[in-house]
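With the sequence shown counted from 1, adding 1 to any position gets you this note's numbering.
Worksheet: the structure to be examined is printed underneath.
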Amino acid sequence: MKVTVVGAGAVGASCAEYIAIKDFADEIVLVDIKEGFAEGKAMDLMQTASLNGFDSTITGTTGDYSKTANSDVAVITSGIPRKPGMTREELIGINAGIVKTVSENLIKYSPNVILIVVSNPMDTMTYLAAKATGLPKNRVIGMGGALDSARFKYRLAEAIDCPQSDISAMVIGGHSDVGMVPLIEKATRNSVPVAEFLTEEKAAEVVEATKVGGATLTKLLGTSAWYAPGAAVSELVRAIALDSKKMFPCSAYLEGEYGLNDICIGVPVLIGKNGIEKVVEIELSEAEKAKLNTSAEGVSKTNGLLSVEA
């Protein structure tokens, strides 16, 4: 498998590192617009191969998309990251143009590629990539829900004081501080509802901490997080490489599923060799449906800015 990662900053380099360490990709190509930056990151990562025990080859290029030819999967992390106090939606003006250009360049050299979008605002950038490229909807995936769910599990395990491996939990909806829908009613610890371990007050705190998970890290770090986003991407890419049909909540283009149309938003999907193999429609409570619909309204509002910005 050949994987391209566009953007060699902290998130992109983290994606490449985790993909390499998991050792399922033959070739990883890093692309960046800064002269020598991707080449340097690739060289640094390759010097860890004997230490971390992987055989993947990592190369870098300054904007030469011909080096990405015949990629099976391409990850788009390029764009400006969040700064403290910024919302993901505030990034649309710059990032829309970047994501559109990057997507078109990738398709030029890899017409059969599956795109994974990380750039923010993620749901809108996923929608833009789908519209700009005309790719089948199964081949454009937004990463957000996989990351948000990992953060939800972290917060639940912290509150319950148990290993994260005990927790099964999912976040759907938009990848934004107000749009996320952590499915607290469906979250379990080894099949036991988390309500058995948490008070309603504590459960509500967990939900709110999950929703502002990215903003919390941005305030602490001064920029967007990178370890967890990189790990989330690597798991999506591995599910494609291994055709595992593993379920993740991802931003997917919907055509009637969950009563939503012409929108990319986080819902459970099965990921395999074709990208999104299936949108899984789970039964939602009336409260969960209402929150998802409200989230979709917010995403659609942001999408409406694309005609001006893109």
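Even for Gly, the Cβ is constructed at its ideal location relative to N, Cα and C.
By the Cβ neighbour-count rule, residue 96 is buried, with 16 or more other Cβ atoms within 10 Å of its own.
Taking the C-beta atoms as reference points, residue 238 is found nearer than 8 Å to residue 20. For residue 124, no pairing in a beta bridge is given by DSSP. The residue among 71, 72, 9 and 51 with its C-alpha nearest the C-alpha of residue 42 is 9.
Put simply, the backbone Cα of residue 18 is about 10 Å away from that of residue 11. Shown here for residue 108: same chain residues with a beta carbon closer than 8 Å to its own, the five before and five after excluded, namely 114, 134 and 136 in chain order. Counting only residues of its own chain and dropping the five nearest sequence neighbours on each side, residue 85 has a CB closer than 6 Å to the CB of 219 and 220. Counting C-beta pairs closer than 8 Å gives fewer than three between the segment 243–259 and the segment 30–46, which falls short of the contact rule.
Straight-line spacing of the CA atoms in residue 4 and residue 28 works out to 6 Å. Every beta strand (DSSP E) of 3 residues or more that sits fully in the segment 22–67 is shown, in chain order, as 28–33 and 58–63. Checking the DSSP bridge columns, you'll see residue 294 has no partner listed. Residue 132 and residue 163 have their C-alpha atoms some 43 Å from each other. The beta carbons of residue 229 and residue 148 sit about 6 Å from each other, so the pair counts as a contact at 8 Å.
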